[in-house]
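In terms of my numbering, the sequence shown is residues 730 to 895. By construction, the Cβ of each residue, glycine as well, lies at the ideal position given by its N, Cα and C atoms. See below for the structure under consideration.
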Amino acid sequence: MQLKVWMVGIMLGAAWIAPGSAFANDSKPQIKADTKAEFGDVVAAVQGEMVPGGRYEFVDSSERRTIDANLAEMRSLFDQFGTVSAMDKDAKFKLYVDQENVNAILTRRDDRRMICTSERPMGSLIPKRTCRTYGAIQRDRKNSQEFMQQQARPGFVSGGYAPGGH
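This is the structure:
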């Protein structure tokens with residue numbers, strides 16, 4: 730009986746500790762500003778990170794169009810009202826919805842976001858937890874695709890030379 734209580738305690742403790750370690754990298758992107766000037770700075774910073782090598786380099790073209798449209802709507806609200814405190818209820822709601830849309834995309838495409846998986850290694854029943862950044866996963870995927878395309882080219886021979894060639 731004591732063994733069962735002890736095992737339940739360990740399982741509850743592991744369940745309590747695991748979420749904390751999964752969210753250790755809490756650097757969520759935030760599109761949030763209270764004034765027109767702050768908003769301009771935030772937009773410039775985000776757009777500067779949506780380039781190759783930037784934090785949000787994996788934003789695809791359709792997501793980029795969505796982000797640009799939401800930022801344009803937010804910019805028009807700041808042009809009209811100047812500050813969040815001067816906005817009416819409907820304008821604040823629209824600003825909030827646009828912020829959430831942009832933040833959702835940026836959070837999903839953040840190359841610093843940690844993704845943890847639990848997989849059983851071949852020949853084992855004990856799962857192993859592996860954590861990697863979204864950026865590392867995407868770069869590995871891209872490198873693998875490039876390698877496969879290179880392998881599929883006509884005339885490609887492993888080792889870098891063709892037999893009989895000098």
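- Judged by their CB atoms, Val-772 and Leu-800 are nearer to each other than the 8 Å cut-off.
- The closest CA to that of Gly-864, considering only Phe-876, Glu-786, Met-779, Val-780, is found on Glu-786.
- Nearest Cα to Gly-783 within the set Glu-767, Gln-879, Asp-840: Asp-840.
- Per DSSP, the beta-bridge partners of Arg-858 are Ser-847.
- Excluding the 5 residues flanking it on each side, Lys-857 has same chain C-beta neighbours closer than 8 Å at Ser-847, Glu-848, Arg-849, Pro-850, in chain order.
- At a Cβ-Cβ threshold of 8 Å, Glu-802 and Lys-823 count as neighbours.
- The shortest CA-to-CA distance from Ile-834 to any of Phe-876, Arg-794, Ile-844 is the one to Arg-794.
- For the pair Gln-828 and Met-816, the Cα-to-Cα distance works out to about 15 Å.
- Checking the DSSP bridge columns, you'll see Thr-764 partnered with Thr-812.
- In the structure shown, the three-state DSSP call for Ser-853 is coil.
- A residue is called buried once 16 or more other Cβ atoms fall within 10 Å of its Cβ, and Val-780, having fewer, is exposed.
- If you look at Val-826, you'll find it in the alpha helix (DSSP H) that goes 818-837.
- By the criterion of a C-beta distance shorter than 8 Å, Thr-812 is surrounded in its chain by Asp-763, Thr-764, Lys-765, once the five residues flanking it on both sides are discounted.
- Following the DSSP letters along the chain, one finds Tyr-863 inside the alpha helix (DSSP H) bounded by residues 863-881.
- Setting aside the 5 residues that flank it on each side, Val-788 is surrounded in the same chain by Met-779, Ile-796, Ile-834, Leu-835, Arg-838, each with a C-beta closer than 8 Å to its C-beta; the list follows chain order.
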